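Visitor: Just so we're aligned, residue 1 is where the sequence shown starts under the UniProt record's numbering, counting upward by one. Structure below; questions to follow.
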Amino acid sequence: MQLVVDILTGCPFHLEIRESATVADLKKAINQQEALDEARLILVLKEGIFLHDADRTLSDYGAGDGSHIYLFFTVPSRGPYRIAPRVNRRLHFTT
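Written as structure tokens, this is what we have:
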């Protein structure tokens with residue numbers, strides 16, 4: 001099936017993936033085509049359904065040929081952060 005993936009940059013791209021593909025397979029295909037980190041991908045169907053279970057098939061979520069999927073990213077983890085005490089009502093982040 002062919003899917004349309006809309007990314008935050010506003011440049012949608014198309015993916016050809018098999019009917020029995022899982023969410024993990026889709027993330028792998030996105031990584032191969034667009035070089036995006038699989039671990040950071042958040043996928044949402046146009047209908048607002050989060051594709052969160054990597055082992056479920058896309059058809060389990062109701063995705064089919066021509067479905068639109070929105071692609072978001074998690075914030076990369078760079079270690080523990082803590083918020084410093086308030087100074088002049090501004091937040092200061094320290095690592």
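C-beta atoms are modelled at their ideal positions from N, C-alpha and C, and glycine is treated no differently. For clarity, every value in this text was computed on a predicted model and none was experimentally measured.
I'd like to know if the region 8-17 and the region 44-57 are in contact, where contact means that at least 3 CB-CB pairs between them fall below 8 angstroms.
Guide: Flag = no, the region 8-17 and the region 44-57 do not touch.
Visitor: Give me the residue from Tyr-70, Arg-56, Arg-40 with the minimum Cα distance to Pro-76.
Guide: The shortest Cα separation from Pro-76 among Tyr-70, Arg-56, Arg-40 belongs to Arg-40.
Visitor: Counting only the same chain and skipping the five closest in sequence on each side, list residues whose C-beta sits under 8 angstroms from that of Lys-27.
Guide: These residues qualify, in order along the chain: Glu-38, Leu-41, Leu-43, Ala-54.
Visitor: DSSP three-state call for Glu-16: helix, strand or coil?
Guide: It is a strand residue.
Visitor: With distances taken from CA atoms, which of Phe-73, Phe-50, Phe-72 is nearest Ala-63?
Guide: The candidate whose alpha carbon is nearest that of Ala-63 is Phe-50.
Visitor: Hey, quick one: how far does the beta strand (DSSP E) through Leu-41 stretch, first residue to last?
Guide: From DSSP, the beta strand (DSSP E) with Leu-41 extends over 41-45.
Visitor: Run through the DSSP bridge pairs and tell me what Val-5 is partnered with.
Guide: Answer by DSSP bridge pairing, in chain order: Phe-13, Ile-69.
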